[in-house]
Amino acid sequence: MRMTNLAEFLENSAQQFPDRTAIVFGDTRLSYPQVNGAANQVANLLVSRGIKPGDKVALSCPNLPYFTIVYYGILKAGATVVPLNVLLKGREVAYHLGDSDAKAYFAFQGTPDLPIGAEAHDGFQAADGCEHFFVITADPTAPSPIEGTETFGQALAGQAPTFDTVAVDDDDTAVILYTSGTTGQPKGAELRHRNMRDNALAGTDLFGADAANPDTYLCVLPLFHSFGQTVIQNGGFAFGGTVVMLPRFEAAPALGLMLKEKVTFFAGVPTMYWGLLGALDDSVDVKTIADNLRVAVAGGAALPVEVHHQFEERFGVTILEGYGLSETSPVASFSRLGEPVRVGSIGTPIPGVEMKLIDPDGWDEVTDPDGIGEIAIKGHNIMKGYYKRPDATAEAINDEGWFRSGDLGKKDADGWYYIVDRSKDMIIRGGYNVYPREIEEVLLTHPAVSLAAVIGVPHESHGEEIKAFVILKPGVEATADEIVAWGKEQMAAYKYPRVVEIVEGLPMTATGKILKRELS
1 MRMTNLAEFL ENSAQQFPDR TAIVFGDTRL SYPQVNGAAN QVANLLVSRG
51 IKPGDKVALS CPNLPYFTIV YYGILKAGAT VVPLNVLLKG REVAYHLGDS
101 DAKAYFAFQG TPDLPIGAEA HDGFQAADGC EHFFVITADP TAPSPIEGTE
151 TFGQALAGQA PTFDTVAVDD DDTAVILYTS GTTGQPKGAE LRHRNMRDNA
201 LAGTDLFGAD AANPDTYLCV LPLFHSFGQT VIQNGGFAFG GTVVMLPRFE
251 AAPALGLMLK EKVTFFAGVP TMYWGLLGAL DDSVDVKTIA DNLRVAVAGG
301 AALPVEVHHQ FEERFGVTIL EGYGLSETSP VASFSRLGEP VRVGSIGTPI
351 PGVEMKLIDP DGWDEVTDPD GIGEIAIKGH NIMKGYYKRP DATAEAINDE
401 GWFRSGDLGK KDADGWYYIV DRSKDMIIRG GYNVYPREIE EVLLTHPAVS
451 LAAVIGVPHE SHGEEIKAFV ILKPGVEATA DEIVAWGKEQ MAAYKYPRVV
501 EIVEGLPMTA TGKILKRELS
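Numbering of the sequence shown is given in UniProt numbering, commencing with residue 1 and proceeding in unit increments.
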């Protein structure tokens with residue numbers, strides 16, 4: 001399959017499989033032609049508002065049909081999608097809109113269960129250069145809940161369901177995914193149309209995807225994240241599959257949907273598998289779910305060995321573990337369907353991708369068979385670079401096209417890779433990447449905080465929890481609970497520290513660098 005614009009995944013399936021269901025959400029079932037027609041309306045809307053090819057358009061929406069419709073509509077117009085984490089606070093939304101140079105913003109207004117609308121509006125109001133704000137409401141016929149704005153439904157009224165998709169170059173940017181760094185503010189990874197396309201099509205080799213026998217995917221991974229976007233949405237649409245959406249992962253409803261919709265493909269982070277196992281009781285028809293389930297894949301963090309074994313025992317399916325980053329579209333390596341699994345391994349590089357171990361302080365390859373090195377990646381999946389950050393791009397990608405991951409790994413004699421540790425200070429909380437430096441900088445804006453150090457500590461269900469060690473300013477009082485509550489107001493729900501310890505001092509090197517390894 002060859003194409004240019006990533007939106008052709010949707011268009012091709014709409015033409016080839018007009019009777020197939022593309023999206024299931026509750027009682028709503030949308031065919032491929034219906035999704036394609038709605039995406040065409042979005043493209044027409046954007047063009048009518050002056051959006052040009054190459055312009056950036058932001059999207060903040062949970063796992064709802066609106067996300068997919070707007071996503072492909074933006075691409076059809078030749079613009080670049082900037083998916084935003086729905087948990088971002090107003091000031092964080094404003095930063096992302098401004099940094100990406102977004103010209104328009106689609107944001108789900110929210111419901112009592114998914115209340116994100118106010119943050120989206122506050123972020124838009126504070127951002128410079130973003131001219132259009134489309135409020136996606138649960139009821140498309142309802143008036144806008146925000147004065148001076150129009151709803152998605154109002155904006156789409158009268159827009160034609162046909163559109164000639166804008167031709168783009170393979171190297172044009174399709175998506176900008178924001179990823180935090182160990183220093184400074186989050187950076188936007190520019191992913192080309194070919195990066196995203198080829199990574200989704202890798203499902204043929206990795207998971208045995210077949211358009212003649214399409215899978216039914218349970219979509220619990222957030223679509224604003226590259227894992228859900230590539231493996232579930234784009235991968236599913238590339239092969240004419242059905243995507244069953246669940247806005248927020250809850251184990252019991254997920255199991256119910258797996259049974260009801262005869263789900264054949266499940267992808268999740270380790271905590272989701274842990275949750276599914278914990279929700280099993282006599283009322284769950286595990287046998288029928290297991291009989292339908294063809295593929296189970298995991299990523300985002302190391303899968304506990306015990307969870308791996310328990311899931312295989314209960315569902316009869318071996319979980320395939322993989323590895324990737326936002327900068328790699330995201331999949332770089334995976335275990336292979338039908339091959340004996342090596343528990344704890346992230347598999348081997350996917351077709352068209354190379355991996356090697358390098359010196360963390362340079363680019364020299366680690367040649368010791370038992371050596372540990374930083375994982376470097378090269379191939380069709382590597383990003384164009386960090387948006388408007390040439391220096392950061394040059395640090396991450398060398399002249400030969402190798403991208404340094406920041407993750408330490410080792411390789412066995414058969415070429416299977418294993419993550420050993422993270423050379424960056426990144427914390428993975430429930431599958432979300434959290435970088436201590438960003439949290440520390442926010443904590444330092446608290447009027448009582450003089451110095452802060454943030455680390456990850458073990459947590460039974462989330463993998464890691466965020467803990468902050470705080471030194472207070474002289475003569476100023478604040479309790480740990482007060483700082484936790486303040487952080488909850490300032491940061492996204494997955495970022496703020498749940499545990500705060502107020503200390504007199506922090507261990508440091510002679511040069512004044514905090515020795516985080518001595519904190520726990």
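The beta carbon of each residue, even a glycine, is placed where N, CA and C say it ideally should be.
In whole angstroms, give me the CA-to-CA distance for A157 and R194.
Counted from its first residue, the sequence shown places residue 157 at position 157. Counted from its first residue, the sequence shown places residue 194 at position 194. Going by the C-alpha atoms only, they are around 33 Å apart.
Who does D391 pair with in a DSSP beta bridge?
As a position in the sequence shown, residue 391 is number 391, starting the count at 1. Per DSSP, none; premise fails for D391.
So, helix, strand or coil for T183, using DSSP?
By one-based count along the sequence shown, residue 183 stands at place 183. Residue confidence for T183 is low, a pLDDT of 48 falling below 50, so the modelled location carries little weight and cannot support an answer.
Check the C-beta distance from V500 over to V484 and give it rounded, since I have them as a contact under 8 Å.
Position 500 of the sequence shown, counted from the start, is the residue given in the question as residue 500. Position 484 of the sequence shown, counted from the start, is the residue given in the question as residue 484. Confirmed, Cβ separation roughly 5 Å.
According to the neighbour-count rule (16 or more other Cβ atoms, all chains shown, within 10 Å of its Cβ), is P497 buried or exposed?
Numbered from 1 along the sequence shown, position 497 holds the residue referred to as residue 497. Buried, because 16 or more other Cβ atoms sit within 10 Å of the Cβ of P497.
Could one say the Cβ of P507 lies closer than 8 Å to chain D's Cβ atoms, at least one of them?
Absent from the structure: chain D. Only one protein chain is present.
Identify whether F355 lies in helix, strand or coil by the three-state DSSP scheme.
Taking the sequence shown and counting its residues from 1, the one referred to as residue 355 is at position 355. In the sequence on display, residue 355 carries Met and not Phe. M355 falls in the strand class under three-state DSSP.
Go to P83, then tell me how far its beta strand (DSSP E) extends in each direction, as first and last residue.
As a working mapping, residue 83 is identified with position 83 in the sequence shown. Per DSSP, P83 belongs to the beta strand (DSSP E) from T80 to P83.
For G373 and L408, I'd like the C-alpha separation in whole angstroms.
In the sequence shown, residue 373 corresponds to position 373, counting from 1. In the sequence shown, residue 408 corresponds to position 408, counting from 1. C-alpha separation (whole angstroms): 5 Å.
Could you give the DSSP three-state label for I427: helix, strand or coil?
Position 427 of the sequence shown, counting from 1, holds the residue named residue 427. Correct three-state label for I427: strand.
Let me know the secondary structure DSSP gives L444 once reduced to three states.
For the purposes of this step, residue 444 is identified with residue 444 of the sequence shown, where counting begins at 1. L444: coil per DSSP, three-state reduction.
Could you tell me if R248 is buried or exposed, where buried requires 16 or more neighbouring beta carbons within 10 angstroms of its beta carbon?
The sequence position of residue 248 within the sequence shown is 248, counting from 1. Label assigned to R248: exposed.
Would you identify the three-state DSSP class for S450, choosing helix, strand or coil?
Sequence index remark: in the sequence shown, residue 450 carries index 450 (1-based). The answer is strand: DSSP assigns S450 an E or B state.
Is S100 helix, strand or coil when you go by DSSP?
As a first step, residue 100 is located in the sequence shown; it is residue number 100 there, counting from the start. Of the three classes helix, strand and coil, the one that applies to S100 here is helix, per DSSP.
With DSSP collapsed to three states, give me the class of R437.
Counting from 1 along the sequence shown, the entry for residue 437 is found at position 437. DSSP places R437 in helix when its eight states are reduced to three.
Confirm, please, whether the CB-CB distance from T165 to E8 is below 8 Å.
Mapped onto the sequence shown, residue 8 falls at position 8. Mapped onto the sequence shown, residue 165 falls at position 165. For E8 and T165, yes; Cβs fall inside 8 Å.
Reducing DSSP to helix, strand and coil, say where A212 ends up.
Stepping through the sequence shown from its first residue, residue 212 is reached at position 212. Three-state result, A212: coil.
With 16 other CB atoms within 10 Å as the buried threshold, where does S450 fall?
Sequence index remark: in the sequence shown, residue 450 carries index 450 (1-based). Result: exposed.
Since G475 is in the alpha helix (DSSP H), which residue starts that stretch and which ends it?
Taking the first residue of the sequence shown as 1, we reach residue 475 at position 475. Premise fails: G475 is in no alpha helix (DSSP H) and is neither H nor E.
Counting only the same chain and skipping the five closest in sequence on each side, list residues whose C-beta sits under 7 Å from that of M1.
By one-based count along the sequence shown, residue 1 stands at place 1. Unreliable placement is indicated for M1, whose pLDDT of 46 sits below 50; no coordinate value is reported for it.
Determine the burial state of V331: buried for a count of at least 16 other Cβ atoms within 10 Å of its Cβ, exposed for fewer.
Within the sequence shown, numbered from 1, the residue matching residue 331 stands at position 331. Classification of V331: buried, given that the 10 Å Cβ count is 16 or more.
Excluding sequence positions up to five away, which residues of its chain have a Cβ less than 6 Å from the Cβ of G456?
By one-based count along the sequence shown, residue 456 stands at place 456. Closer than 6 Å at Cβ, skipping near neighbours: I427 and E464.
On a CA-only basis, which of E441, T204 and E150 is nearest Q490? Give me that one, please.
For the purposes of this step, residue 490 is taken as residue 490 along the sequence shown, with counting starting at 1. Out of E441, T204 and E150, E441 has the C-alpha closest to the C-alpha of Q490.
Tell me whether F237 sits in a helix, a strand or coil according to DSSP, three-state version.
To locate residue 237, count along the sequence shown from 1; it is residue 237. F237 falls in the helix class under three-state DSSP.
What is the residue span of the beta strand (DSSP E) that F25 lies within?
The count along the sequence shown starts at 1 and reaches residue 25 at position 25. It spans T21 to F25 - the beta strand (DSSP E) in which F25 sits, taken as one unbroken run.
Pick from K287, G275 and D282: whose alpha carbon is nearest that of V263?
The residue you call residue 263 lines up with position 263 of the sequence shown. Out of K287, G275 and D282, K287 has the C-alpha closest to the C-alpha of V263.
Fully enclosed by the segment 125-206, which beta strand (DSSP E) runs are 3 residues long or longer?
Counting only runs of 3 or more, we get 132-136, 173-179 and 187-192.
Within the segment 268-307, note down every full alpha helix (DSSP H) run reaching 4 residues or more, in order along the chain.
Taking only runs of at least 4 residues, the alpha helix (DSSP H) segments lying wholly in the segment 268-307 are 270-278 and 286-292.
Can you name the residues that DSSP bridges to T348?
What you label residue 348 is simply residue 348 of the sequence shown in a count that begins at 1. Answer is F334, bridged to T348.
Suppose the cutoff is 8 Å on Cβ atoms and the five residues either side in sequence are ignored; what does the same chain contact list for P270 look like?
The residue you call residue 270 lines up with position 270 of the sequence shown. Within the same chain, P270 has close Cβ partners A298, G300, A301, A302, L303, P304, V307, G431 and G463.
Please work out which residues of its chain come closer than 7 Å, Cβ to Cβ, to A510, disregarding the five sequence neighbours upstream and downstream, and give them in chain order.
The residue labelled residue 510 in the question sits at position 510 within the sequence shown. With a pLDDT of only 38 at A510, under 50, the local geometry of the prediction cannot be trusted, and the value read off the model is given with reservation. Taken in chain order, the list of residues that qualify is empty.
Is the beta carbon of Y66 less than 8 Å from the beta carbon of I136?
Residue 66 sits at position 66 when you count from the first residue of the sequence shown. Residue 136 sits at position 136 when you count from the first residue of the sequence shown. Contact flag set, yes.
Taking 8 Å as the threshold (C-beta atoms), are L325 and K411 in contact?
Taking the sequence shown and counting its residues from 1, the one referred to as residue 411 is at position 411. Taking the sequence shown and counting its residues from 1, the one referred to as residue 325 is at position 325. Not a contact, by the Cβ cut-off of 8 Å.
Could you round the C-beta distance between L45 and A167 to whole angstroms and report it? I think they count as a contact, below 8 Å.
For the purposes of this step, residue 45 is taken as the residue at position 45 of the sequence shown. For the purposes of this step, residue 167 is taken as the residue at position 167 of the sequence shown. The Cβ separation is near 20 Å, so there is no contact.
Looking at the structure shown, is L221 part of a helix, part of a strand, or coil, going by DSSP?
Here residue 221 refers to the residue found at position 221 of the sequence shown. Reduced to three states, the DSSP call for L221 is coil.
List the DSSP bridge partners of E374.
Here the question's residue 374 lines up with position 374 in the sequence shown. Partner(s): I358 and L408.
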